[in-house]
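Undergrad: If you count by my numbering, then the sequence shown holds residues 97 to 648, one letter each, in order.
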Amino acid sequence: MIMANIDLGNDDNVEDQFVTIDQKDYLGDDLHLTLYHKKSCELKIENKSDQSEVLNISASIGDSVVSGGLVWVQALENAHLKFQASEPGHSIRFNIYMEGNTTVEFTPEFIAEHVDNPYDMKVNMNYGAYGPSTLIYDTTGLDFDYLPRRISGFGEGNVIKVVNATDVEVNKWNTLTFKDDNGEILTKIALGGSFNRELIFEDGTVTVACYLKGTHIATPDGEVKVEELKTGDKVRTARGSVNTVKWIGFRKLNRSQLSAEHTLRASPIRICQGAFANNVPHRDLTVSPGHRFNFDGALVPALSLVNGITIVQDFDVQQFEYYHVELERFDMLLAEGAAAESYLEVGSNRNSFQNAKTVTAHPDFGPAPKNVMLAQYVQKITPEIIEQIRRNLFKQAEILTGSVRTSDTGLRIEVNGQIIRPCMPCTKRGLYRFELPSDLKGDIRILSNAAVVRETSLIDRTDTRVIGVGLSGIVLITNDRRCEIDLSVSTLSGFHEAQEMNDVTMRWTTGAAVIPARLLPESSTPVLLELNVLRTHIYWSSAEREQVRKAV
Numbered sequence: 097m098i099m100a101n102i103d104l105g106n107d108d109n110v111e112d113q114f115v116t117i118d119q120k121d122y123l124g125d126d127l128h129l130t131l132y133h134k135k136s137c138e139l140k141i142e143n144k145s146d147q148s149e150v151l152n153i154s155a156s157i158g159d160s161v162v163s164g165g166l167v168w169v170q171a172l173e174n175a176h177l178k179f180q181a182s183e184p185g186h187s188i189r190f191n192i193y194m195e196g197n198t199t200v201e202f203t204p205e206f207i208a209e210h211v212d213n214p215y216d217m218k219v220n221m222n223y224g225a226y227g228p229s230t231l232i233y234d235t236t237g238l239d240f241d242y243l244p245r246r247i248s249g250f251g252e253g254n255v256i257k258v259v260n261a262t263d264v265e266v267n268k269w270n271t272l273t274f275k276d277d278n279g280e281i282l283t284k285i286a287l288g289g290s291f292n293r294e295l296i297f298e299d300g301t302v303t304v305a306c307y308l309k310g311t312h313i314a315t316p317d318g319e320v321k322v323e324e325l326k327t328g329d330k331v332r333t334a335r336g337s338v339n340t341v342k343w344i345g346f347r348k349l350n351r352s353q354l355s356a357e358h359t360l361r362a363s364p365i366r367i368c369q370g371a372f373a374n375n376v377p378h379r380d381l382t383v384s385p386g387h388r389f390n391f392d393g394a395l396v397p398a399l400s401l402v403n404g405i406t407i408v409q410d411f412d413v414q415q416f417e418y419y420h421v422e423l424e425r426f427d428m429l430l431a432e433g434a435a436a437e438s439y440l441e442v443g444s445n446r447n448s449f450q451n452a453k454t455v456t457a458h459p460d461f462g463p464a465p466k467n468v469m470l471a472q473y474v475q476k477i478t479p480e481i482i483e484q485i486r487r488n489l490f491k492q493a494e495i496l497t498g499s500v501r502t503s504d505t506g507l508r509i510e511v512n513g514q515i516i517r518p519c520m521p522c523t524k525r526g527l528y529r530f531e532l533p534s535d536l537k538g539d540i541r542i543l544s545n546a547a548v549v550r551e552t553s554l555i556d557r558t559d560t561r562v563i564g565v566g567l568s569g570i571v572l573i574t575n576d577r578r579c580e581i582d583l584s585v586s587t588l589s590g591f592h593e594a595q596e597m598n599d600v601t602m603r604w605t606t607g608a609a610v611i612p613a614r615l616l617p618e619s620s621t622p623v624l625l626e627l628n629v630l631r632t633h634i635y636w637s638s639a640e641r642e643q644v645r646k647a648v
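See below:
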């Protein structure tokens, strides 16, 4: 790994104090910052091309600077930074500002440098209209007094992850205490008054759980729209008992306030009638991505259930209004007949709702028990539990819609307006050959079935790419000459960015990739096209669509 160096504040030029770089310019490099005599310098790091490689950052102090220099680091637009230890004996303060789907990681060595004064390592996670950010702490092997680290601006969509953490507690001052399986404290993070979202801990992720306006909630006297419920009303629970409404929280969201690229944790999820089981829910039900449903004691967020057929996330709705119902005792409400969680107060998460101040009108409105977490009510969610739930939901979707999950790629070529299917299978696994006419006219289209990654996967994923087949090679053979098409050529369309798979470069198609005519060799004889398919996926396919595809 090559070490690239940037000098900050090395002379009196203003430009030397405010430096902007793009992460793509440092691929394969580690970045070392040298801070000189300026008291405060600023470094902006962008990643507009969304490079997947992590940029490692270390720092030291140059000649003539006093110890304790300050560096402002702004992580912007998809940047992924990992802070390493400074050079021995060099004390540098960091103010880190994050926005725009960024990720910042702190190594154990970096954290250890700031043990004596954690306020020398400040972080601001700004969401705004730029998308959520992720902050990762790795305290592996550290043993020290656990003074809280400070984070400001923490809110909806943002993620805090502490490596090896399996539990988190929050006190009335909004300090999060992360613990491992043995109950040992890994770190503490102080959110202060800036923490204004319901805390649901799952691998460090914070989400918001609400019903959409218009959702029907079961009561002893029939179903009532959630926005019409009021304090003191009785509701039915999934266990058949009756509980009392303690408080109703609501808030409105506007699509224009959210980045179109990073709305996964905010956009409503629609659960079609019968998606869970026969007539459950008994009407279409729409909730926030973080709202959890009860599956035999496992509370699973709606975001983990999306299948694109009967459970769909709506990225087009422009305005939506979420409601959440708090009961005298935490329980499972019946929302359109589906067992879903009631609101649970943790810290100051009530402030995420527009009517948070109405609680002052109820003097008996006491705080929730200290350190009450969802894990005390339900079993711990594991990948195996999620996989089985998703498997059952897939089967239910097939019953409701007639669609099926298939591994058949439906790989075919369109050229000169003609559909061409592969020749007999070759001995080499994943190699497909197509006999093309000699009078090639125009582009070659590589067609296949396609699916949104998260919608057909058995594991819980958030990848919203539409993928077809993963190609590791494209070769045209004519007149006994092989012409290999470079997968990195910018004129190829219908492909995702290249990625490494088992030390092989591969690019997923979108299901409709194009090799432009100008890349094709001239030939007076038939052309043989070879496609090396390294990876495939699972696709949704309907009987009607399959009949049409096979007919052409």
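Ideal placement from N, C-alpha and C gives every residue a C-beta, glycine not left out.
In this text the structure is predicted, and so the values were computed from the model without any measurement.
Give the DSSP-derived three-state secondary structure of D380 in the structure shown.
TA: Within the sequence shown, numbered from 1, the residue matching residue 380 stands at position 284. Three-state result, D380: coil.
Undergrad: Which of helix, strand or coil does DSSP assign to K120?
TA: Position 24 of the sequence shown holds residue 120. Residue state, collapsed to three classes: helix.
Undergrad: Assign T235 to buried or exposed, taking buried as 16 or more other Cβ atoms, counted over all protein chains shown, within 10 Å of its Cβ.
TA: Residue mapping note: residue 235 aligns to position 139 of the sequence shown, counting from 1. So T235 counts as buried.
Undergrad: Classify T574 as buried or exposed, calling it buried when 16 or more other Cβ atoms lie within 10 Å of its own Cβ.
TA: Taking the sequence shown and counting its residues from 1, one reaches residue 574 at position 478. Burial call: buried.
Undergrad: Specify, as a first and last residue, the run of the beta strand (DSSP E) that Q492 falls within.
TA: Here residue 492 is taken as the residue at index 396 of the sequence shown, counted from 1. From DSSP, Q492 is part of no beta strand (DSSP E) but of the alpha helix (DSSP H) over P479 to T497.
Undergrad: Look up F206 in the DSSP assignment and say whether it is helix, strand or coil.
TA: Locating residue 206 in the sequence shown gives position 110, counting from the first residue. Helix at F206.
Undergrad: Excluding sequence positions up to five away, which residues of its chain have a Cβ less than 6 Å from the Cβ of G158?
TA: Within the sequence shown, residue 158 is the residue found at index 62, counting from 1. Around G158: T130 and Y132.
Undergrad: Opposite Y132 in the DSSP bridges: which residues?
TA: Here residue 132 is taken as the residue at index 36 of the sequence shown, counted from 1. In DSSP, Y132 forms no bridge with anything.
Undergrad: What is the DSSP secondary structure of V549, reduced to helix, strand or coil?
TA: For the purposes of this step, residue 549 is taken as the residue at position 453 of the sequence shown. Three-state DSSP puts V549 in a helix.
Undergrad: By DSSP, does E142 sit in helix, in strand, or in coil?
TA: Counting from one through the sequence shown, the residue named residue 142 turns up at place 46. Note: E142 maps to strand in three-state DSSP.
Undergrad: How would you write the range of the beta strand (DSSP E) that H420 sits in, first residue to last?
TA: Reading the sequence shown from its first residue, position 324 is the one you call residue 420. Note, H420: beta strand (DSSP E), Q415 to L423.
Undergrad: Can the beta-carbon of E616 be found closer than 9 Å to that of L489?
TA: For the purposes of this step, residue 616 is taken as residue 520 along the sequence shown, with counting starting at 1. For the purposes of this step, residue 489 is taken as residue 393 along the sequence shown, with counting starting at 1. Checking the sequence, you will find Leu at residue 616 rather than Glu. Cβ distance not < 9 Å, so L616 and L489 don't count as in contact.
Undergrad: With DSSP collapsed to three states, give me the class of S438.
TA: The residue you call residue 438 lines up with position 342 of the sequence shown. It is coil, neither helix nor strand.
Undergrad: How about the stretch 376 to 394 and the stretch 508 to 515: do they share at least three Cβ pairs that are nearer than 8 Å?
TA: At 8 Å Cβ cutoff, the stretches do not touch.
Undergrad: For A398, which residues in the same chain have their Cβ closer than 8 Å to its Cβ, ignoring the five residues on either side in sequence?
TA: For the purposes of this step, residue 398 is identified with residue 302 of the sequence shown, where counting begins at 1. For A398, where only same-chain residues beyond five positions count, the Cβ hits under 8 Å are I365, I367, V383, S384, P385, G386, H387, R388, F389 and I407.
Undergrad: What separation, rounded to the nearest whole angstrom, lies between the Cα atoms of N174 and L151?
TA: The residue labelled residue 174 in the question sits at position 78 within the sequence shown. The residue labelled residue 151 in the question sits at position 55 within the sequence shown. Their backbone Cα atoms lie some 12 Å apart in a straight line.
Undergrad: Contact check, I281 vs T271 under 8 Å by CB: the rounded distance?
TA: Looking up residue 281 in the sequence shown gives position 185. Looking up residue 271 in the sequence shown gives position 175. The pair is not a contact, with the Cβ atoms about 11 Å apart (cut-off 8 Å).
Undergrad: Thinking just about the alpha-carbon of each residue, which of L627, V266, F114 and A371 is nearest to the one in I285?
TA: Here the question's residue 285 lines up with position 189 in the sequence shown. Closest by alpha carbon: V266.
Undergrad: Determine the extent of the beta strand (DSSP E) in which G610 is found, giving its start and end residues.
TA: Against the sequence shown, residue 610 aligns to sequence position 514. Checking the displayed sequence, the identity of residue 610 turns out to be Val instead of Gly. V600 to I611 is the span of the beta strand (DSSP E), which, as asked, contains V610.
Undergrad: By DSSP, does E580 sit in helix, in strand, or in coil?
TA: Within the sequence shown, numbered from 1, the residue matching residue 580 stands at position 484. The answer is strand: DSSP assigns E580 an E or B state.
Undergrad: Quick check on DSSP: helix, strand or coil for A373?
TA: In the sequence shown, the residue the question calls residue 373 occupies position 277. Looking at A373 - three-state DSSP - the assignment turns out to be strand.
Undergrad: Provide the residue span of the beta strand (DSSP E) that contains E596, from first to last.
TA: Working through the sequence shown from its first residue, we reach residue 596 at position 500. Q595 to M597 is the span of the beta strand (DSSP E), which, as asked, contains E596.
Undergrad: Leaving out five residues before and five after V474 in sequence, what residues of the same chain have Cβ atoms less than 7 Å from its Cβ?
TA: Looking up residue 474 in the sequence shown gives position 378. Residue placement at V474 is poorly supported in this model, since its pLDDT is 49, which falls under 50; the coordinates are not used for a value here.
Undergrad: Per the contact definition of three or more C-beta pairs closer than 8 Å, is the stretch 548 to 556 in contact with the stretch 587 to 602?
TA: The stretch 587 to 602, when compared against the stretch 548 to 556, does not touch it at the 8 Å Cβ threshold.
Undergrad: For L572, which residues does DSSP report across the bridge?
TA: Numbered from 1 along the sequence shown, position 476 holds the residue referred to as residue 572. DSSP output for L572 lists C579 and L625 as bridge partner(s).
Undergrad: Identify every residue that forms a DSSP beta bridge with K257.
TA: By one-based count along the sequence shown, residue 257 stands at place 161. I232.
Undergrad: According to DSSP, simplified to helix, strand and coil, what is E324?
TA: Translated into the one-based positions of the sequence shown, residue 324 becomes position 228. Helix at E324.
Undergrad: Going along the chain, which residues of its own chain have a beta-carbon closer than 8 Å to the beta-carbon of E205, five neighbours each way excluded?
TA: Within the sequence shown, numbered from 1, the residue matching residue 205 stands at position 109. These residues qualify, in order along the chain: Q180 and A181.
Undergrad: Leaving out five residues on either side along the sequence, give the residues of the same chain with a beta carbon under 6 Å from the beta carbon of N191.
TA: Numbered from 1 along the sequence shown, position 95 holds the residue referred to as residue 191. Same-chain partners within the cutoff: W168 and K218.
Undergrad: Could you pull out every residue in the same chain whose Cβ sits closer than 6 Å to the Cβ of G569, ignoring the five residues on either side in sequence?
TA: Counting from one through the sequence shown, the residue named residue 569 turns up at place 473. So the qualifying residues of the chain are N628.
Undergrad: Which of the three DSSP states is assigned to T454 in this structure?
TA: Residue numbering aside, residue 454 sits at position 358 when the sequence shown is read from its first letter. Note that T454 scores 49 on pLDDT, short of 50, meaning its location in the model is unreliable; the coordinates nonetheless yield the value given after this. Reduced to three states, the DSSP call for T454 is helix.
Undergrad: Less than 6 Å between C-beta atoms, sequence neighbours within five positions excluded: which residues of the same chain meet that for R486?
TA: Numbered from its first residue, the sequence shown carries residue 486 at position 390. Here the set comprises L554.
Undergrad: Given that a residue counts as buried once 16 or more other Cβ atoms are within 10 Å of its Cβ, and exposed if not, what is T335?
TA: Counting from one through the sequence shown, the residue named residue 335 turns up at place 239. One detail in the question is off: residue 335 reads as Arg in this sequence, not Thr. Burial call: exposed.
Undergrad: According to the Cβ coordinates, are I683 and T606 closer than 9 Å?
TA: Residue 683 lies beyond the range of the chain shown here (97 to 648); nothing can be said about it.
Undergrad: Measure the C-alpha to C-alpha separation of H210 and T283 and round it to an integer number of angstroms.
TA: The count along the sequence shown starts at 1 and reaches residue 210 at position 114. The count along the sequence shown starts at 1 and reaches residue 283 at position 187. Going from the Cα of H210 to the Cα of T283 covers about 13 Å.
Undergrad: Might you give, ordered along the chain, the residues of its own chain that have their beta carbon closer than 6 Å to the beta carbon of K178, omitting 5 neighbours on each side?
TA: Counted from its first residue, the sequence shown places residue 178 at position 82. Cβ neighbours of K178 beyond the five flanking positions: V150, N152 and E201.
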